[in-house]
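For reference, the structure is listed below as structure tokens.
In the working numbering, the protein residues as written are 76 to 135.
Right under this line is the structure:
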């Protein structure tokens, strides 16, 4: 496989792991259920667990 493709797959796995962890935090804190991955960042920003810059990075 192409090394660039492997890096991309690794990045995607890392992003999925991060989103899963954020979703678990939301569930544990009994916050509203996100309807999309983008909303995960919004919920964490509303509760001051992420700042705007961090939320933007998570959404991109």
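For glycine and all other residues, C-beta sits at the position ideal for the given N, C-alpha and C.
query: Can you tell me whether residue 131 is buried or exposed, with buried defined as 16 or more other CB within 10 angstroms of its CB?; result: exposed
query: Of all the options 92, 121, 94, 89, which has the alpha carbon lying nearest to the alpha carbon of residue 106?; result: 121
query: Nearest by alpha-carbon distance to residue 129: which of 85, 86, 93 is it?; result: 93
query: Classify residue 96 as buried or exposed, calling it buried when 16 or more other Cβ atoms lie within 10 Å of its own Cβ.; result: exposed
query: Taking just the CA atoms, how far does residue 133 sit from residue 77?; result: Low confidence applies here, because residue 77 scores a pLDDT of 49, under 50, leaving its location unreliable and the question unanswered by this model.
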